[in-house]
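Data block below; observations after.
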Amino acid sequence: MKETLAVDVREAQGNAGSTCGAAPAAAPIPGRHHGHDHAAASLHPGGHHLLRVEGLNVSFRMYDPGEPFFRARRIERPVIRDLSVSVHAGEVMAVVGASGSGKTLLADAILGLYERNVRVSGRILFEGKLCGPRELADLRGHGISLVPQSVNNLDSLMRVGKQIVGSCGRGPSGRRRRAARRERMLKLFAQYRLAPEVADKYPHELSGGMARRVLLACALLDDPRLIVADEPTPGLDLELAVRALDDLRSFADAGGGVLLITHDIELALRVADRIAVFRDGTVVEEAPAAAFEDPSQLRDPYTRALWHAMPGHGFDAVAFDDAGPFDAVPQREGSDGADAKLSHRPVKADHDTIGGNA
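Per our numbering, residue 1 is the first one in the sequence shown, and the count goes up by one each step.
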């Protein structure tokens, strides 16, 4: 059976990256730190969403781990089911869910980054245009950039500046391109409070906060339209975490779009315009961030349980009884590293077709 994933992408601008962040001084975390509403400005010119994901399904083809390896049958394990989410220009859209729930697979699907034993179906549209795997690959770093979950995505054997500037070819044109990209990098360094000397350092010589800001600079180098930020704050203290998120907020305020994937609803509410609550592989509720100021506006029991779990809201055991197991509720600590690391023995899978049968 062929899988179909449609992804829409118009022209991509710029190139690849990761992102880094520093911004205004940290304050106690209120419900939201930006005091204006992006509803009027959130639609892309022409009324299109910047990103729209429709009916996304992701599953792993694997050998049954409950049987001996020499006679194990092939099974398919669904991880994401019928998920739909959208991001407008000028908006931060947060996807909030427990660690290990599969949120990272959402980022991988949008960027077209998954192994051969992963099956993906559904539709992904970028700037109103439906695209397949090839278009997604072209957009990666050119229109859509990723802020990865781990600073280990930086090559430990290469100086930071070379990683950000990348390969520019040889000859006069290559030198001009390299000089332009280096100039852009240094501007981003100044914006995110990184000294020019950071370009000559290796990743292990950077603090955790500096490495995060380097990742942000990578993502912003080629002026993407959309940033997918996958758990951008693990390992950061509260002040640096707030600064990193404020940088993403600034990017959205300048007209870009941000899909923020996180387990920390408190920090998400600081910068997000809308919140999509992720549970059991799908979105159970989507609501404006302002709705989290009043639990009566939240429809799903799990979402209300998240509200009650936040500091100052009076923990309510009844809310958790209604929502399901306590350990399904996102906690402040922990990382989402297990999301994309369901390490099963892969089998040769049918080739996914993205963009067919649009």
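Backbone N, C-alpha and C define an ideal beta-carbon position, used for all residues, glycine too.
key: Cβ-based burial, G312 [other Cβ within 10 Å; buried from 16]   = If you number the sequence shown from 1, residue 312 lands on position 312. By the 10 Å Cβ count, G312 comes out exposed.
request  = In angstroms with no decimal places, state the Cα-to-Cα distance between V147 and L259.
outcome  = For the purposes of this step, residue 147 is taken as the residue at position 147 of the sequence shown. For the purposes of this step, residue 259 is taken as the residue at position 259 of the sequence shown. The C-alpha of V147 lies about 10 Å from the C-alpha of L259.
Alpha carbon of E115 to alpha carbon of P78, nearest angstrom = The residue you call residue 115 lines up with position 115 of the sequence shown. The residue you call residue 78 lines up with position 78 of the sequence shown. Taking the straight line joining both Cα atoms gives about 15 Å.
ask   = If we ignore side chains and look at the alpha-carbon of each, how far apart do A252 and V92 end up?
value = By 1-based counting over the sequence shown, the position of residue 252 is 252. By 1-based counting over the sequence shown, the position of residue 92 is 92. Approximately 6 Å, taken between the alpha carbons.
query = What did DSSP end up calling T303 once you bin it into helix, strand or coil?
reply = By 1-based counting over the sequence shown, the position of residue 303 is 303. Helix.
ask   = DSSP three-state call for A94: helix, strand or coil?
value = Locating residue 94 in the sequence shown gives position 94, where the first residue counts as 1. Of the three classes helix, strand and coil, the one that applies to A94 here is strand, per DSSP.
message = To the nearest angstrom, how far is the alpha carbon of R274 from that of A179?
response = By 1-based counting over the sequence shown, the position of residue 274 is 274. By 1-based counting over the sequence shown, the position of residue 179 is 179. Near 39 Å, if we compare the C-alpha coordinates of A179 and R274.
ask   = When DSSP labels each residue in this structure, what does E285 get in the three-state scheme?
value = Locating residue 285 in the sequence shown gives position 285, where the first residue counts as 1. If DSSP states are grouped into helix, strand and coil, E285 belongs with the strands.
ask   = What do you get for S121, buried or exposed, if any count of 16 or more other CB atoms within 10 angstroms of its CB means buried?
value = Residue mapping note: residue 121 aligns to position 121 of the sequence shown, counting from 1. By the neighbour-count rule (16 or more Cβ atoms within 10 Å), S121 is buried.
inquiry  = For G141, tell me which candidate among L298, P301 and I164 has the shortest Cα-Cα distance.
reply    = As a working mapping, residue 141 is identified with position 141 in the sequence shown. Nearest option by C-alpha distance: I164.
For I275: DSSP bridge partner residues = Counting from one through the sequence shown, the residue named residue 275 turns up at place 275. A94 and A287, per the DSSP bridge assignment.
request  = Any chance you could list the beta strand (DSSP E) runs of at least 3 consecutive residues sitting entirely within the region 102-177, in chain order?
outcome  = 118-126 and 144-147
ask   = Which two residues bound the contiguous beta strand (DSSP E) that contains V258?
value = Here residue 258 is taken as the residue at index 258 of the sequence shown, counted from 1. Element bounds for V258: G257 to T262.
query = Are the Cβ atoms of A236 and G209 separated by less than 8 Å?
reply = Numbered from 1 along the sequence shown, position 236 holds the residue referred to as residue 236. Numbered from 1 along the sequence shown, position 209 holds the residue referred to as residue 209. In the sequence as displayed, the identity of residue 236 is Leu instead of Ala. In contact: L236 and G209 (Cβ atoms closer than 8 Å).
First through last residue of the alpha helix (DSSP H) which encompasses G209 = For the purposes of this step, residue 209 is taken as residue 209 along the sequence shown, with counting starting at 1. Note, G209: alpha helix (DSSP H), G208 to L220.
message = Tell me the rounded alpha-carbon separation between L188 and L111.
response = What you label residue 188 is simply residue 188 of the sequence shown in a count that begins at 1. What you label residue 111 is simply residue 111 of the sequence shown in a count that begins at 1. In a straight line, the C-alpha of L188 is about 23 Å away from that of L111.
query = Whose C-alpha, out of R73, I124, L226 and V85, is nearest the C-alpha of R61?
reply = On the sequence shown, position 61 is the one that residue 61 refers to. Per the Cα distances, R73.
request  = Report yes if the C-beta distance between V271 and R249 is below 8 Å; otherwise report no.
outcome  = In the sequence shown, counting from the first residue as 1, residue 271 sits at position 271. In the sequence shown, counting from the first residue as 1, residue 249 sits at position 249. Their beta carbons are under 8 Å apart, which means V271 touches R249 by this criterion.
inquiry  = For a test of the three-state rule: what should DSSP assign to D253, helix, strand or coil?
reply    = Within the sequence shown, numbered from 1, the residue matching residue 253 stands at position 253. Correct three-state label for D253: helix.
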